[in-house]
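The numbering of the sequence shown is this note's numbering, which starts it at 18 and goes up by one.
Shown next, in C-alpha cells, is the structure this report addresses.
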Amino acid sequence: DPTRVMVSPFSMDVTVGESIVLPCQVSHDHSLDIMFTWSFNGHLIDFEKDGDHFERVGGQDSAGDLMIRSIQLKHAGKYVCMVQTSVDKLSAAADLIVRGPPGPPEAVTIDEVTDTTAQLSWRPGADNHSPITMYVVQARTPFSVGWQAVSTVPEIIDGRTFTATVVGLNPWVEYEFRVVAANLIGIGEPSRPSEKRRTEEALPEVTPANVSGGGGSKSELVITWETVPEELQNGGGFGYVVAFRPFGTISWMQTVVASPDAARYVFRNETLPPFSPYEVKVGVYNNKGEGSFSPVTVVYSAEEEPARPPTTVLARSLSASDVEVSWAPPWENQHKGRIQGYEVRCWRHDEKEENAKRIRTVGNQTSTKVSNLRGNALYHLAVRAYNTAGTGPSSATVNVTTKKPPPSQPPGNIIWNSSDSKIILNWDQVKALDNESEVRGYKVLYRWNRQSSTSVIETNKTSVELSLPFDEDYIIEIKPFSDGGDGSSSEQIRIPKISNAYARGSGSSTSNACTLSAISTIMISLTARSSL
C-alpha cells in the first residue's frame, strides 16, 4: 500500500512560553521500514543538540509527532514533517506564529533639553505579533542606582506615540535615556541608551541641612552643616554663604565659602565673647545666582577653659588597690568657664607625671574612686576642671599611700562537724607577711549548692556555728580580710544535706562523709561580732 499522511501538522498561533505538539501520523505498508524527520525553516532538526526545546513523540512506528517545549520567539517559522520508506516519500508542512513581548525600540534620541525637561523621540521595534500598547521611559545619571522610571508628558504613552517630554529632572545633571515597550503579552527588552546630555543650569533650591556648630578654641565661632549633594547643586560654581549675628541683634555678618565640599566655617575674633549665643543660617549659590538660606538656628561661641583650679583636694586609701579622691569646685563664678566635669590624674611616685592615669567625671560630681593601683605604694594626685575648650589649671598635688596588700595565704586546716543541729567550722589562723596587711577577721561565704547567691558572715575568731534550715547541700568557703582588702579564699567545702533528725558527724575540708540534722529556721551563733 502507498504511504499516506493521515494527520498532518497544522499552522498554529502560540504565545511565548507555551508548549505544543505538531502531529504527523501516516498509514503505510508495515512490511516496509519507515523514517520520520523534521525540518525547521529549511534545516533538519537535531534532536540531540536541540533537546531542550524539540522532542519526537508518538510511541508507534506510524506516528512522528513533534513536541516543542517552552516556545521562544526564535521558534516561529515553517515546520516540515518528512516521511520516507524504501519505495516512496512524502511531506507535510505547517507555519508556527509565536506571539511575545515587543522587541526593543530603536534610535532613542534627545531632541532638546532645558533645566528640568528633555524632549525624546524613538522608532518602534518589532511588535512580535501583538500590538504595542504603551511605552515607558527610563533614565540614568552618575548618581542614580541603575535605571529609574521617570515622569513624562503625556503621562501615559500609547503604542502609537513615538515622542515624549521627560519632566522633573534636576538641573545641571548628565542624563541618558532608554525606552521600553509593552503589549498584552508582557514588557519587552529596553532600547539601547541614548547619548548623554546635561540639563541646563538653574538657581540652587536645596539648602544645607543640620546647620549647627559650637566648640572650638578661644575667640572662635564654629558653624557646621551638611553639604548639598552634587546632583542637587543645579549648576557649576557652587558654594555657600554663611550668615551670623549676635542673638537679639539686627545686622547679619556674611562670608562666602567657595568650595562645594566645605561643611565648616570658623569665625575668629579676639573680641568674641566666650560661650555667647549667635543666630546662624547658611545659604547657597552657583553660576546662576544665589539661592535661599537654611532656617535660622542658635550656635554658641567657643568657651574659655576653666580659669581656677579645684580646691580642698583630699585623698584616702580604701584598700591596696583603691583610693578615693574628693575636692571642692573652684571659687570663682563660672560664667566664662563653664565646668562640664573634672579630670583626676594619678601617678605613682616612681612614674612620670605625663604618664598619669586619667579619670574624668561628668557634671557636678566632686569625688571619685581610682582603682587598679599597686599595694603599699606612694601615689600623687591632682584635679582640674574641663569643658569643651579644654582643661583648666591643676590643683595642688596631694599624696596618698595605698594600704599593704591583703594576706596571700588562705585559711587552712578547715574542720567542720555537727552537734545538736548545728554546723561548727574551725580553721587555722592566717598570719600576714611583713609586706601584707594584718588580718582583721574572716568572711565565711555559704550558699545552697543549687543557688548562685551567696550569704556572708564576718567574724574576728577562727570558728563559727551555723544551723542550716533546709534539706540541701551547702557550699562554704572562708577568706581573711584586712585594711588592704580581702585575702585569698580557701577551697570550696561541700557539706552534704541532712539525712535524719538526730544524726551526728564530723568532717574536714577533704571529707564530706557526714550527715546533719534539719530545723525549720536558720540561726547564726558567733563567738564574736558577726554581720550578714
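Idealized CB from N, CA, C, for every residue including glycine.
Quick caveat: nothing in here was measured; it's all calculated off a predicted structure.
Next item on the list: Would you tell me roughly how many angstroms separate the C-alpha atoms of HIS397 and ASN389, rounded to the nearest one?
Entry: Translated into the one-based positions of the sequence shown, residue 397 becomes position 380. Translated into the one-based positions of the sequence shown, residue 389 becomes position 372. One C-alpha to the other measures close to 15 Å.
Next item on the list: State the start and end residues of the unbroken beta strand (DSSP E) segment that holds ALA135.
Entry: In the sequence shown, counting from the first residue as 1, residue 135 sits at position 118. First-last of the beta strand (DSSP E) with ALA135: 135-140.
Check: Can we say the stretch 248-258 touches the stretch 331-341, given the rule of at least three CB pairs closer than 8 Å?
Finding: No: fewer than three Cβ pairs fall under 8 Å.
Item checked: Every unbroken beta strand (DSSP E) inside the stretch 292-353 [3 residues or more] -> 294-303, 306-310, 314-317, 328-334, 340-345
Next item on the list: Check the C-beta distance from VAL273 over to GLY256 and give it rounded, since I have them as a contact under 8 Å.
Entry: The residue given as residue 273 occupies position 256 in the sequence shown. The residue given as residue 256 occupies position 239 in the sequence shown. With 8 Å as the limit, VAL273 and GLY256 qualify as a contact, their Cβ atoms being about 6 Å apart.
Check: Would you say the stretch 217-235 touches the stretch 164-180, given that touching needs at least three Cβ pairs under 8 Å?
Finding: Verdict: no, contact absent.
Next item on the list: Indicate the three-state DSSP secondary structure (helix, strand or coil) for ASN286 in the structure shown.
Entry: For the purposes of this step, residue 286 is identified with residue 269 of the sequence shown, where counting begins at 1. ASN286 falls in the coil class under three-state DSSP.
Checklist line | Whole beta strand (DSSP E) elements within the stretch 156-223, 3-residue minimum | finding: The qualifying runs are 180-183, 191-200.
Check: What is the rounded straight-line gap between the Cα of ALA143 and the Cα of PRO119?
Finding: What you label residue 143 is simply residue 126 of the sequence shown in a count that begins at 1. What you label residue 119 is simply residue 102 of the sequence shown in a count that begins at 1. ALA143 and PRO119 have their C-alpha atoms spaced approximately 6 Å apart.
Next item on the list: Count the other CB atoms, across all protein chains shown, that sit within 10 Å of the CB of GLU320; report buried if there are 16 or more and exposed otherwise.
Entry: For this step, residue 320 is matched to residue 303 along the sequence shown. Label assigned to GLU320: buried.
Item checked: C-alpha gap between ILE240 and ASN286, whole angstroms -> Against the sequence shown, residue 240 aligns to sequence position 223. Against the sequence shown, residue 286 aligns to sequence position 269. Rounded to whole angstroms, the separation of the alpha carbons of ASN286 and ILE240 is 14 Å.
Next item on the list: Pull up the distance between the alpha-carbon of TYR282 and that of ASN303, whole angstroms please.
Entry: The sequence position of residue 282 within the sequence shown is 265, counting from 1. The sequence position of residue 303 within the sequence shown is 286, counting from 1. Using only the alpha carbons, I get a separation of about 18 Å.
Next item on the list: Identify the continuous beta strand (DSSP E) that holds VAL104 and give its terminal residues.
Entry: On the sequence shown, residue 104 is found 87 positions in, with the first residue counted as 1. From DSSP, VAL104 is part of no beta strand (DSSP E); its letter is neither H nor E.
Notebook entry, point to check: What is the C-beta distance between LYS386 and ASP339, in whole angstroms, given that I count them as a contact (C-beta under 8 Å)?
Noted result: By 1-based counting over the sequence shown, the position of residue 386 is 369. By 1-based counting over the sequence shown, the position of residue 339 is 322. So it is a contact: roughly 6 Å between Cβ atoms.
Note to self: For ALA100, tell me which candidate among LYS448, SER79, SER311, GLU455 has the shortest Cα-Cα distance.
What the structure shows: On the sequence shown, residue 100 is found 83 positions in, with the first residue counted as 1. Note on residue identity: the sequence assigns Val, not Ala, to residue 100. Checked all of LYS448, SER79, SER311, GLU455; the closest Cα to VAL100 is SER79.
Margin query: Just to confirm the assignment: which complete beta strand (DSSP E) runs, minimum length 3, are found wholly within the stretch 421-453?
Written below: 432-436, 439-443
Item checked: Under the three-state DSSP convention, the category HIS47 falls into -> As a working mapping, residue 47 is identified with position 30 in the sequence shown. DSSP places HIS47 in coil when its eight states are reduced to three.
Notebook entry, point to check: From what residue to what residue does the beta strand (DSSP E) around HIS366 run?
Noted result: By 1-based counting over the sequence shown, the position of residue 366 is 349. Element bounds for HIS366: n/a, residue is neither H nor E.
Next item on the list: Rank PRO346, GLU341, TRP348 by C-alpha distance to the C-alpha of ILE376 and give the top, closest one.
Entry: Along the sequence shown, one-based indexing puts residue 376 at 359. Comparing Cα positions, the closest option is GLU341.
Check: Taking DSSP as the reference, what is the three-state secondary structure of LYS386?
Finding: Within the sequence shown, numbered from 1, the residue matching residue 386 stands at position 369. If DSSP states are grouped into helix, strand and coil, LYS386 belongs with the strands.
Check: Quick one, which of PHE261, PRO312, MET29 has its alpha-carbon nearest VAL115's?
Finding: By 1-based counting over the sequence shown, the position of residue 115 is 98. Closest option to VAL115, Cα to Cα, is MET29.
Check: Starting from HIS397 and walking both ways along the beta strand (DSSP E), at which residues does that stretch end?
Finding: Against the sequence shown, residue 397 aligns to sequence position 380. From DSSP, the beta strand (DSSP E) with HIS397 extends over 395-404.
Check: Counting Cβ pairs, one atom from each stretch, are 3 or more of them under 8 Å apart for the stretch 101-110 and the stretch 178-189?
Finding: no
Next item on the list: Count the other C-beta atoms from every protein chain shown that fall within 10 angstroms of the C-beta of GLN89, then say buried if there are 16 or more, exposed otherwise.
Entry: For the purposes of this step, residue 89 is taken as residue 72 along the sequence shown, with counting starting at 1. By the 10 Å Cβ count, GLN89 comes out exposed.
Next item on the list: State the beta-bridge partners of LEU238 as determined by DSSP.
Entry: As a working mapping, residue 238 is identified with position 221 in the sequence shown. According to DSSP, which records beta bridges pairwise, LEU238 is partnered with PHE284.
Check: Closest by CA to VAL154, which one among GLU193, THR133, THR131?
Finding: Position 137 of the sequence shown holds residue 154. If we check each option's Cα against that of VAL154, GLU193 comes out closest.
Check: TRP433: buried (16+ other C-beta within 10 angstroms of its C-beta) or exposed?
Finding: As a position in the sequence shown, residue 433 is number 416, starting the count at 1. Counting the other Cβ atoms within 10 Å of the Cβ of TRP433 gives 16 or more, which makes it buried.
Next item on the list: Drop a sphere of 10 angstroms on the beta-carbon of ILE510, count the other beta-carbons inside from all chains shown, and report buried for 16 or more, exposed for fewer.
Entry: Against the sequence shown, residue 510 aligns to sequence position 493. Result: buried.
Item checked: Top-ranked residue by Cα proximity to ILE149, from GLY117, TYR96, GLY254 -> Counted from its first residue, the sequence shown places residue 149 at position 132. When only C-alpha atoms are compared, the closest one is GLY117.
Item checked: For HIS92, the three-state DSSP class (helix, strand or coil) -> For the purposes of this step, residue 92 is identified with residue 75 of the sequence shown, where counting begins at 1. Reduced to three states, the DSSP call for HIS92 is helix.
Check: Alpha carbon to alpha carbon, how far is ARG355 from ALA324?
Finding: Taking the sequence shown and counting its residues from 1, the one referred to as residue 355 is at position 338. Taking the sequence shown and counting its residues from 1, the one referred to as residue 324 is at position 307. Distance between the alpha carbons of ARG355 and ALA324: 10 Å.
Notebook entry, point to check: What three-state label does DSSP hand ASN372 in the structure shown?
Noted result: In the sequence shown, counting from the first residue as 1, residue 372 sits at position 355. It is helical.
Margin query: Quick check: what's the CA-CA separation for GLY253 versus GLU218?
Written below: Position 236 of the sequence shown, counting from 1, holds the residue named residue 253. Position 201 of the sequence shown, counting from 1, holds the residue named residue 218. Spanning the two alpha carbons is a distance of roughly 8 Å.
Note to self: Looking only at its chain, what residues have a beta carbon closer than 6 Å to the beta carbon of VAL130, apart from the 5 residues adjacent to it on each side?
What the structure shows: The residue you call residue 130 lines up with position 113 of the sequence shown. Once the five neighbours on either side are set aside, the close Cβ partners of VAL130 are ARG214, THR216.
Item checked: Coil, strand or helix - GLU360 by DSSP -> Residue numbering aside, residue 360 sits at position 343 when the sequence shown is read from its first letter. Note: GLU360 maps to strand in three-state DSSP.
Next item on the list: For the beta strand (DSSP E) containing GLY78, list its first residue and its last residue.
Entry: Against the sequence shown, residue 78 aligns to sequence position 61. Correcting the residue type first, residue 78 is Asp in the shown sequence and not Gly. Here ASP78 belongs to no beta strand (DSSP E), and DSSP marks it neither H nor E.
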